[in-house]
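Peer 1: According to numbering that gives the first Met the number 0, the residues represented by the sequence shown are 0 to 290, in order. Think of the CB as a built atom: it goes at the ideal place given N, C-alpha and C, for glycine as much as any other residue. These figures come from a predicted structure and were not determined experimentally.
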Amino acid sequence: MLRVILITFWLSSSFFASSFLFAGTRDPHTPDADYLEFGKKFSSVVRFRAATTFKIETGETVSGFQYGSAAIIRPNWALTAAHLITDLNDHAVIADDGTVYPISATLVPTEFEGDTIGFYDLALCYSPKDFGLKFYTPLYKERDEAGKAITIAGYGITGTFNTGCVLSDKQKRAGHNRIDRIERAVLVCSPSRGAKRMPLEFMISPGDSGGGMYIGNELAGINSFLMAVDGHPNGTYTDESAFTRISLYVDWIESQIEQYERALGARATMNSDLNFVVSPLDLMVEDSTAE
Numbered sequence: 000m001l002r003v004i005l006i007t008f009w010l011s012s013s014f015f016a017s018s019f020l021f022a023g024t025r026d027p028h029t030p031d032a033d034y035l036e037f038g039k040k041f042s043s044v045v046r047f048r049a050a051t052t053f054k055i056e057t058g059e060t061v062s063g064f065q066y067g068s069a070a071i072i073r074p075n076w077a078l079t080a081a082h083l084i085t086d087l088n089d090h091a092v093i094a095d096d097g098t099v100y101p102i103s104a105t106l107v108p109t110e111f112e113g114d115t116i117g118f119y120d121l122a123l124c125y126s127p128k129d130f131g132l133k134f135y136t137p138l139y140k141e142r143d144e145a146g147k148a149i150t151i152a153g154y155g156i157t158g159t160f161n162t163g164c165v166l167s168d169k170q171k172r173a174g175h176n177r178i179d180r181i182e183r184a185v186l187v188c189s190p191s192r193g194a195k196r197m198p199l200e201f202m203i204s205p206g207d208s209g210g211g212m213y214i215g216n217e218l219a220g221i222n223s224f225l226m227a228v229d230g231h232p233n234g235t236y237t238d239e240s241a242f243t244r245i246s247l248y249v250d251w252i253e254s255q256i257e258q259y260e261r262a263l264g265a266r267a268t269m270n271s272d273l274n275f276v277v278s279p280l281d282l283m284v285e286d287s288t289a290e
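(1) Going straight from the alpha carbon of T184 to that of L225, what length do you get?
(2) For K147, which residues from the same chain have a beta carbon less than 6 Å from its beta carbon, with the 5 sequence-adjacent residues on both sides left out?
(3) Round the Cβ separation of R161 and P27 to the nearest angstrom and send it over; I've been treating them as touching at under 8 Å.
(4) So if DSSP puts K54 in a beta bridge, which residue, or which two residues, is it bridged to?
(5) Assuming the contact rule is C-beta atoms closer than 8 Å, G174 and L199 should be a hit. Round their C-beta distance to whole Å, please.
(6) Quick check on DSSP: helix, strand or coil for D179?
(7) In whole angstroms, what separates the C-alpha of T29 from that of T243?
(8) Give me the residue from G230, N216, Q170 and V165 with the minimum Cα distance to E36.
(9) Hey, is the region 81-101 in contact with the region 44-57, meaning 3+ C-beta pairs nearer than 8 Å?
(10) Can you tell me whether P74 is buried or exposed, with buried defined as 16 or more other CB within 10 angstroms of its CB?
(11) By a C-beta neighbour count over all protein chains shown, 10 Å radius and 16 as the cutoff for buried, is L20 buried or exposed?
(12) Taking V99 as the reference, give the member of L78, D86 and P127 with the closest Cα.
(13) Around the C-beta of V44, are 16 or more other C-beta atoms found within 10 angstroms, so that it is buried, or is it exposed?
(14) Let me check one thing: in DSSP terms, what residues is A22 bridge-paired to?
(15) Using a 10 Å radius around the Cβ and a threshold of 16 neighbouring Cβ atoms, would you call E144 buried or exposed?
(16) Output the boundary residues of the beta strand (DSSP E) element that contains E217.
(17) With a Cβ-Cβ cutoff of 8 Å, do Y236 and P190 count as a contact?
(18) Take the Cβ of S208 as the centre, count every other Cβ of all protein chains shown within 10 Å, and call the residue buried at 16 or more, exposed below.
(19) Could you name the residues that DSSP lists as bridge partners for V165?
(20) Just curious, the beta strand (DSSP E) that D238 is in, first and last residue?
(21) Starting from the Cα of I72, find the closest Cα among T268, L218 and D168 and give me that residue.
(22) How many angstroms separate the CA atom of N31 from the CA atom of R25?
(23) Might you give, ordered along the chain, the residues of its own chain that have their beta carbon closer than 6 Å to the beta carbon of L1, omitting 5 neighbours on each side?
(24) Counting contacts by CB-CB distance shorter than 8 Å, is L199 in contact with chain D?
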């Protein structure tokens, strides 16, 4: 079965930013206000910004930003989707109150390839500025996700399962769904109708990439992409949402954080002894293969 896939981030530049109204599509029977209110509970889900260049309709190359979402997991660490990371190394996360947290290092599995959808779409982001949350979401380690009820949060373009994603207002929304199946290294869900519909049923859309998918109070997935059999992946009833499966990458995440922080500590000691400063971007952390 042929499925069209949409990577879920948004591009913006000063040239045509006004054309974007600047999360996720929702059940048409449920008020949007309910999803917005639920989204306020997820302080660990923040906006992700990456500087980039891209061509506009005139053929001109312009500078701007691509936006997605991210999920904070430690005082200085967040996870996002690897396809949001750009070569310009100018990344940041933006909290609900507008505070900008610069990202000084991004760690991506060496196996990730931008044109290979479904594998390794994960990036660890280090900020030297403490996120200051009261609670940091643990990672989901069990590999029993199929059939589980989930919660999804992000800053994507919104709409209903009837209209698809049609409006972006820079607001965070959250809702529920259930994992239908596991395919390759991703978890997949889709909208339901009638009695099978969950309260606040929700799907991801452009702008949600990198946001969190939760089982209980544990981070079980990173929003990655949409699939559609009708050729229009826009979050309607026939589409499917796909999430990078965190349980496959727990060891990689924890080992990368440990190695990086150990290297930071060693450099901090060296800097103190030798009285010079080394940027965190200079630190080299050995990568490892996820299962």
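Peer 2: Let's see:
(1) Taking the sequence shown and counting its residues from 1, one reaches residue 184 at position 185. Taking the sequence shown and counting its residues from 1, one reaches residue 225 at position 226. With the sequence shown as reference, residue 184 is identified as Ala, and Thr is not the correct amino acid for it. Taking the straight line joining both Cα atoms gives about 14 Å.
(2) Your numbering for residue 147 matches position 148 in the sequence shown. Hits under 6 Å: I178 and I214.
(3) For the purposes of this step, residue 161 is taken as the residue at position 162 of the sequence shown. For the purposes of this step, residue 27 is taken as the residue at position 28 of the sequence shown. A small correction: the amino acid at residue 161 is Asn; Arg does not occupy that position in the sequence shown. Rounded, the Cβ-Cβ distance is 5 Å, consistent with contact.
(4) Start at 1 with the first residue of the sequence shown, and residue 54 comes out as number 55. The partner list for K54 (beta bridge, DSSP) reads T60.
(5) The residue you call residue 174 lines up with position 175 of the sequence shown. The residue you call residue 199 lines up with position 200 of the sequence shown. Contact holds; Cβ gap of about 4 Å.
(6) On the sequence shown, residue 179 is found 180 positions in, with the first residue counted as 1. Coil at D179, not helix or strand.
(7) For the purposes of this step, residue 29 is identified with residue 30 of the sequence shown, where counting begins at 1. For the purposes of this step, residue 243 is identified with residue 244 of the sequence shown, where counting begins at 1. Looking at the two C-alpha atoms, the distance is approximately 27 Å.
(8) Here residue 36 is taken as the residue at index 37 of the sequence shown, counted from 1. Of all alpha-carbon atoms in G230, N216, Q170 and V165, the one lying nearest the alpha-carbon of E36 is that of Q170.
(9) Touching, yes, given that three or more Cβ pairs across the two stretches are closer than 8 Å.
(10) Translated into the one-based positions of the sequence shown, residue 74 becomes position 75. Exposed, because fewer than 16 other Cβ atoms sit within 10 Å of the Cβ of P74.
(11) Translated into the one-based positions of the sequence shown, residue 20 becomes position 21. The predicted model places L20 with a pLDDT of 30, which falls under 50 and marks its position as unreliable; any figure quoted below should be read in that light. Exposed: under 16 other Cβ atoms inside 10 Å.
(12) Against the sequence shown, residue 99 aligns to sequence position 100. Considering only alpha carbons, the answer is P127.
(13) Start at 1 with the first residue of the sequence shown, and residue 44 comes out as number 45. The residue is buried, with at least 16 neighbouring Cβ atoms inside 10 Å.
(14) As a working note, residue 22 is residue 23 in the sequence shown. Its beta-bridge partners do not exist; DSSP assigns none.
(15) The sequence position of residue 144 within the sequence shown is 145, counting from 1. Label assigned to E144: buried.
(16) Against the sequence shown, residue 217 aligns to sequence position 218. Boundaries of the beta strand (DSSP E) harbouring E217: E217 to A227, taken from the DSSP string.
(17) Your numbering for residue 236 matches position 237 in the sequence shown. Your numbering for residue 190 matches position 191 in the sequence shown. Yes; because the gap between Cβ atoms is below 8 Å, this pair is in contact.
(18) Along the sequence shown, read from residue 1 onward, the residue named residue 208 stands at position 209. S208 should be labelled buried.
(19) Against the sequence shown, residue 165 aligns to sequence position 166. Within the DSSP bridge table, the entry for V165 names no partner.
(20) Position 239 of the sequence shown, counted from the start, is the residue given in the question as residue 238. Looking at the DSSP string, the run of the beta strand (DSSP E) that includes D238 is D238 to R244.
(21) Within the sequence shown, the letter at position 73 stands for residue 72. Of the candidates T268, L218 and D168, the one whose C-alpha sits nearest the C-alpha of I72 is L218.
(22) Here residue 31 refers to the residue found at position 32 of the sequence shown. Here residue 25 refers to the residue found at position 26 of the sequence shown. Reading the sequence as shown, one finds Asp at residue 31 and not Asn. Each residue's CA atom was taken as its position, placing D31 and R25 some 8 Å apart.
(23) As a first step, residue 1 is located in the sequence shown; it is residue number 2 there, counting from the start. Note on L1: pLDDT 40, under 50, position unreliable in the model; the coordinate value appears next. Taken in chain order, the list of residues that qualify is empty.
(24) Looking at the structure shown, chain D is missing, and only one protein chain is on hand.
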